[in-house]
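Listed in order, the protein sequences are those of chains A, B and C.
According to numbering that gives the first Met the number 0, the first sequence is numbered sequentially starting from 0.
According to numbering that gives the first Met the number 0, the second sequence is numbered sequentially starting from 0.
According to numbering that gives the first Met the number 0, the third sequence is numbered sequentially starting from 0.
Each residue gets a CB set at the ideal place from its N, CA and C atoms; glycine is no exception.
This report refers to the structure that appears directly beneath it.
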Amino acid sequence: MTEKGLDFVLDGNAAAGLLQEIFALDITAAQIQCEACGSTMAVGSLRLYAASMGAVLRCTHCDRIVMRAVHTPHGRWLEMAGAGCVRF
Amino acid sequence: MEEAPISRGFRSRRPEQTTKNRVPPGQYVTTDFPVLSAGPTPQIKLENWTFALQFGGSLLGKWNWAEFEVLPQTMIKTDIHCVTKWSKLDTTWQGVTFDDLLKAVGAAKPAAAYVMAHSEGDYTTNLPVADLVAGQGMVATRYEGLPIPPAHGGPARLLVPHLYFWKSAKWVRRLRFMEKDERGFWESLGYHNYGDPWKEQRYDGD
Amino acid sequence: MTAIETAAAPARRLEWQLAEVREIVVETPRVKSLLLHLNSWRGHLPGQHVDIRLTGDDGYQAQRSYSIASPPEDELLALTVELVDDGEVSPYLIDDLRIGDRFELRGPIGGYFVWTVATRGPLWLLAGGSGIAPLMAMLRHRARRKVRAPALLLYSSRSLEDVIYREELDAMMRRDPDLRVVNTLTRKQPEGWTGHRGRIDKALLAEAGFPPAQNPKVYVCGPTPLVEDVSRLLVELGHDPLTIKTERFGPTGG
Chain A
0 MTEKGLDFVL DGNAAAGLLQ EIFALDITAA QIQCEACGST MAVGSLRLYA
50 ASMGAVLRCT HCDRIVMRAV HTPHGRWLEM AGAGCVRF
Chain B
0 MEEAPISRGF RSRRPEQTTK NRVPPGQYVT TDFPVLSAGP TPQIKLENWT
50 FALQFGGSLL GKWNWAEFEV LPQTMIKTDI HCVTKWSKLD TTWQGVTFDD
100 LLKAVGAAKP AAAYVMAHSE GDYTTNLPVA DLVAGQGMVA TRYEGLPIPP
150 AHGGPARLLV PHLYFWKSAK WVRRLRFMEK DERGFWESLG YHNYGDPWKE
200 QRYDGD
Chain C
0 MTAIETAAAP ARRLEWQLAE VREIVVETPR VKSLLLHLNS WRGHLPGQHV
50 DIRLTGDDGY QAQRSYSIAS PPEDELLALT VELVDDGEVS PYLIDDLRIG
100 DRFELRGPIG GYFVWTVATR GPLWLLAGGS GIAPLMAMLR HRARRKVRAP
150 ALLLYSSRSL EDVIYREELD AMMRRDPDLR VVNTLTRKQP EGWTGHRGRI
200 DKALLAEAGF PPAQNPKVYV CGPTPLVEDV SRLLVELGHD PLTIKTERFG
250 PTGG
C-alpha cells in the first residue's frame, strides 16, 4: 500500500509479497494468459488494484480480472478463474 | 502466535481519537478520504447512466439520471468504516433511500430477502434487505454537498454505513433481489459475508 | 487452469526477520538511505524490493514496500526512503529512526522487475523522484561487475537538490564512458542550467534515448502518472511493450 493510503493502480510486481506466500515458485516472472482475450503477459506486469485489501490483478490489454488474492488471518485465498495457462 | 517485535518509538500518526465510542474496534480515525478500487475508475456520462431494481428476469424499476434526481432526496451525516482500518467521522451524503426506491416502484415490501449490488465493471457486493430498509441504505449522489467524484464512486454509489465500507458499492448500477444469499466480489474471496465493524467482522471466520 | 510446469527454481520462502539500522545516509533534504544488517539474508537481484513492518507499543502495525537500492555485491542492504507529508511510515523512518534500531523486514520480493549483468543489450532506465531506488541497485551492480554495454539513465526530479545520488551518479559517469545520465528538472532549475527542464516528454525520449532498433531493455520506475506517460510515449516511439518493465510507486513516489 502506498504512503498516503491512496490505492492507485500499481504493477503486479507489487503483489509479489502476497503471491509469494501462496506460490512455491516466483509467480511474478511467470507468463499468464488472460482467459477473456487470450493475451499472455508477465504476472509482474499485470495492473494491480486494491492492494490494501489483497490483490486484484487485471489484464493489461482488456482490463478483465486475471487473478485475485487475499491474505486473511484464517487463510489465504486465491482465485484464478480469469487465467488460462501459467508458465513459470 | 508470537508477538511482532515493537519498533521503538513508532506510533500511528492518525489523529488522536477523542470520539472513542464512535470508532469500532481496530479502527483509526482519518481526516483523509482514501480511495480504494478493485478496478479502473469508470468514466460514466450522466446521459448514459441508468439505475435499476431487478428481481429474477423482471425489472422492478429503472431510472435515468433526470428521473433519479427527482425522487425523494434524503441527507444524512454518518461515520464510515473501511475494513483496511480507517474510519471517517461526520461524512455527509445525499441520495435516495432504499425505502424510497421501493415506494417509487410501488412495492409494499421487498421482493426477496437479499440483494446483490452490481456496479459498473465487475464489482458486486451482497447484503440482507433487512440492512437496507428503515433508512439504513441509500443510493447516494452527493458527498459534502457536491456530486460524488468518480474516484469515490460517482455519479452514484450505494451507501450502507453501518457495515464495512466495501459494502457501499461504488458506481452502483442495479440492485438485484435474491431469494438466497450469494457472495459478492470480496465476500467470495475471504472477506466476511456480513461485515459488522462493531463485531470486527472483517474476514470469513471472524 | 491447465497444469503448471515446474522448471524454474523455487522462490525462497518469505519469512519476517529483523533488520538492524547500521548507517543512515542523508541523500537530499527529504530523502535518506537506511543501511541495514540482516542475520539471514540470502542475497537479492537488482530491482527487487522488500516489505517492512513496524509495530507500535499499542499493537498498531503498518506495512510498506521499499525497493532495495544496494547491489547484491554490498554487505548492507540499502533502502532509500522519501519523506511523504502526512505519511504514516516515512516520517518515522526519516525523522525518528536511529542507528541500532530494528524493524521487521521480509524479502527479497519480485522476480519480474529485475536486471542483472547476465542480460544482454543496452540498458535504459527511466526514473521519477524516488523511483530511482531499484534502478540504482541495477547501476551499482553494473558498476561493480564492470560491464561495458551501453546504459542510459533518464532521471526526472523536481530540482537539482532533489536529485538523489547525484554525486555518485556523476562519479559513475566519469569512470564509465558507456554510461550516460541525463537529468531533467521539473520545478526549479539552478541559474545557468543548460540541462533539460520539465517532465520527460516524447522529444526528450527521442533525442536522448536508444532507438527501438537497438532493442534496449527498458525499466521505468516512479510515480504512477509518470510511469504511465513514459511507457505510452515509448510505445508511440516504436518500442516493443514487451521490452518495457514498469514499477509504479503509486501517487507519491513511494
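Please name the residue or residues paired with residue i in a DSSP beta bridge.
{"i": "Pro127(B)", "result": "Tyr113(B)"}
{"i": "Tyr48(A)", "result": "Val55(A)"}
{"i": "Ala82(A)", "result": "Cys33(A)"}
{"i": "Gln285(B)", "result": "Because chain B here runs from 0 to 205, residue 285(B) falls outside it and cannot be looked at."}
{"i": "Phe102(C)", "result": "Ala18(C)"}
{"i": "Cys220(C)", "result": "Ala126(C) and Glu246(C)"}
{"i": "Gln93(B)", "result": "Met74(B) and Arg141(B)"}
{"i": "Arg52(C)", "result": "Gln62(C) and Glu103(C)"}
{"i": "Ile248(B)", "result": "Outside the displayed range of chain B (0 to 205) lies residue 248(B), so it cannot be described from this structure."}
{"i": "Thr79(C)", "result": "Ser32(C)"}
From the DSSP output, in three-state form, read off residue i for me.
{"i": "Tyr122(B)", "result": "coil"}
{"i": "Trp62(B)", "result": "strand"}
{"i": "Gly127(C)", "result": "strand"}
{"i": "Arg63(C)", "result": "strand"}
{"i": "Thr1(A)", "result": "Caution applies to Thr1(A), whose pLDDT of 43 falls short of 50 and renders its modelled position unreliable; the value that the coordinates give is listed next. If DSSP states are grouped into helix, strand and coil, Thr1(A) belongs with coil."}
{"i": "Pro211(C)", "result": "helix"}
{"i": "Gln19(A)", "result": "helix"}
{"i": "Met40(A)", "result": "strand"}
{"i": "Pro71(C)", "result": "coil"}
{"i": "Asp169(C)", "result": "helix"}
{"i": "Asn192(B)", "result": "coil"}
{"i": "Tyr91(C)", "result": "helix"}
{"i": "Ser6(B)", "result": "coil"}
{"i": "Lys31(C)", "result": "strand"}
{"i": "Glu4(C)", "result": "Confidence at Glu4(C) is low in this model, with a pLDDT of 25, below 50, so its placement is unreliable and the value that follows should be read with caution. Here Glu4(C) sits in coil by DSSP."}
{"i": "Asp10(A)", "result": "strand"}
{"i": "Ile26(A)", "result": "helix"}
{"i": "Trp197(B)", "result": "helix"}
{"i": "His140(C)", "result": "helix"}
{"i": "Met0(B)", "result": "Reliability of the predicted coordinates at Met0(B) is poor, the pLDDT of 47 falling under 50, and the value obtained from them is presented with this limitation in mind. Met0(B) falls in the coil class under three-state DSSP."}
So, for residue i: in the same chain, excluding its five sequence neighbours on each side, which residues have a beta-carbon less than 7 angstroms away from its beta-carbon?
{"i": "Leu134(C)", "result": "Leu124, Ala126, Leu152, Tyr218 and Cys220"}
{"i": "Gly153(B)", "result": "Pro146 and Ile147"}
{"i": "Gly81(A)", "result": "Cys33, Glu34, Ala35, Arg63, Ile64, Val65 and Met66"}
{"i": "Arg139(C)", "result": "Ser69 and Pro70"}
From this set, the options, which residue's C-alpha is nearest residue i's C-alpha?
{"i": "Tyr27(B)", "options": "Val128(B), Ile79(B), Ala107(B) and Gly144(B)", "result": "Ile79(B)"}
{"i": "Val113(C)", "options": "Gly249(C), Gly128(C), Arg141(C) and Glu103(C)", "result": "Arg141(C)"}
{"i": "Thr59(A)", "options": "Ile26(A), Thr39(A) and Gly74(A)", "result": "Thr39(A)"}
{"i": "Ile131(C)", "options": "Pro211(C), Trp40(C) and Gln47(C)", "result": "Gln47(C)"}
{"i": "Ser158(C)", "options": "Arg231(C), Glu74(C), Ser32(C) and Thr185(C)", "result": "Thr185(C)"}
{"i": "Arg29(C)", "options": "Ser156(C), Leu168(C), Asp50(C) and Leu37(C)", "result": "Ser156(C)"}
{"i": "Asp94(C)", "options": "Ala202(C), Arg143(C) and Leu33(C)", "result": "Leu33(C)"}
{"i": "Phe9(B)", "options": "Asp85(C), Leu53(C) and Thr115(C)", "result": "Leu53(C)"}
{"i": "Gly237(C)", "options": "Val180(C), Lys201(C) and Tyr164(C)", "result": "Lys201(C)"}
{"i": "Pro45(C)", "options": "Asp169(C), Asp228(C), Pro107(C) and Gly99(C)", "result": "Pro107(C)"}
{"i": "Asp175(C)", "options": "Asp228(C), Gly191(C), Arg41(C) and Pro149(C)", "result": "Pro149(C)"}
{"i": "Phe7(A)", "options": "Cys84(A), Leu56(A), Pro72(A) and Arg63(A)", "result": "Leu56(A)"}
{"i": "Thr27(A)", "options": "Gly16(A), Gly37(A), His73(A) and Cys33(A)", "result": "Gly16(A)"}
{"i": "Gln42(B)", "options": "Asp180(B), Tyr202(B), Ala155(B) and Val159(B)", "result": "Ala155(B)"}
{"i": "Val128(B)", "options": "Tyr142(B), Leu101(B), Pro23(B) and Gly144(B)", "result": "Leu101(B)"}
{"i": "Leu122(C)", "options": "Arg196(C), Asp57(C), Thr242(C) and Phe248(C)", "result": "Thr242(C)"}
{"i": "Phe102(C)", "options": "Leu37(C), Val25(C), Glu235(C) and Pro215(C)", "result": "Leu37(C)"}
{"i": "Leu104(C)", "options": "Gly249(C), Leu233(C), Arg231(C) and Glu19(C)", "result": "Glu19(C)"}
{"i": "Leu96(C)", "options": "Asp85(C), Val80(C) and Tyr111(C)", "result": "Val80(C)"}
{"i": "Asp98(B)", "options": "Thr73(B), Trp170(B) and Asp180(B)", "result": "Thr73(B)"}
{"i": "Tyr282(C)", "options": "Arg165(C), Ser66(C) and Arg231(C)", "result": "Chain C is shown only over 0 to 253; residue 282(C) falls outside these bounds and no answer can be derived."}
Spatial neighbours of residue i within its chain, please: CB distance less than 6 angstroms, with the 5 preceding and 5 following residues excluded, ordered by chain position.
{"i": "Gly253(C)", "result": "With a pLDDT of 33 at Gly253(C), under the threshold of 50, the modelled position of this residue cannot be trusted; read the value that follows with caution. Here the set comprises Ser129."}
{"i": "Arg198(C)", "result": "Thr185"}
{"i": "Gly194(B)", "result": "Leu162, Tyr163, Lys166 and Gln200"}
{"i": "Ala51(B)", "result": "Leu58, Lys61 and Arg173"}
{"i": "Ala6(C)", "result": "Since pLDDT at Ala6(C) reaches only 30, below the 50 mark, its modelled position is unreliable, and the value read off the structure follows with that caveat. Once the five neighbours on either side are set aside, Ala6(C) has no close Cβ partner at all."}
{"i": "Met0(B)", "result": "Per-residue confidence for Met0(B) stands at a pLDDT of 47, beneath the threshold of 50, marking its modelled position as unreliable; the derived number appears in the next sentence. Cβ neighbours of Met0(B) beyond the five flanking positions: none."}
{"i": "Val206(B)", "result": "Absent from the model: residue 206(B). The displayed extent of chain B is 0 to 205, so no value can be given."}
{"i": "Asp203(B)", "result": "Gly189 and His191"}
{"i": "Trp15(C)", "result": "Glu103 and Arg105"}
Note down, in chain order, each residue of its chain lying with its Cβ closer than 8 angstroms to the Cβ of residue i, except the 5 sequence neighbours on either side.
{"i": "Glu20(A)", "result": "His70 and Arg75"}
{"i": "Glu68(B)", "result": "Thr140"}
{"i": "Asp10(A)", "result": "Gly43, Ser44, Leu45, Arg46 and Leu47"}
{"i": "Trp192(C)", "result": "Leu159 and Leu184"}
{"i": "Leu75(C)", "result": "Arg21, Glu22, Leu34, Leu35, His36 and Ser69"}
Using 8 angstroms for Cβ pairs, my map puts residue i next to residue j. What's the rounded Cβ distance?
{"i": "Gln32(A)", "j": "Gly83(A)", "result": "4 angstroms"}
{"i": "Thr29(B)", "j": "Lys87(B)", "result": "6 angstroms"}
Quick check: is any heavy atom of the ligand GTP less than 8 angstroms from the C-beta of residue i?
{"i": "Gln53(B)", "result": "Looking for the ligand GTP in the displayed structure turns up nothing, as the structure carries no ligands at all."}
For a contact defined as C-beta to C-beta under 9 angstroms, what are the partners of residue i on chain D?
{"i": "Ile64(A)", "result": "Protein chains in the displayed structure are A, B and C, and chain D is not among them."}
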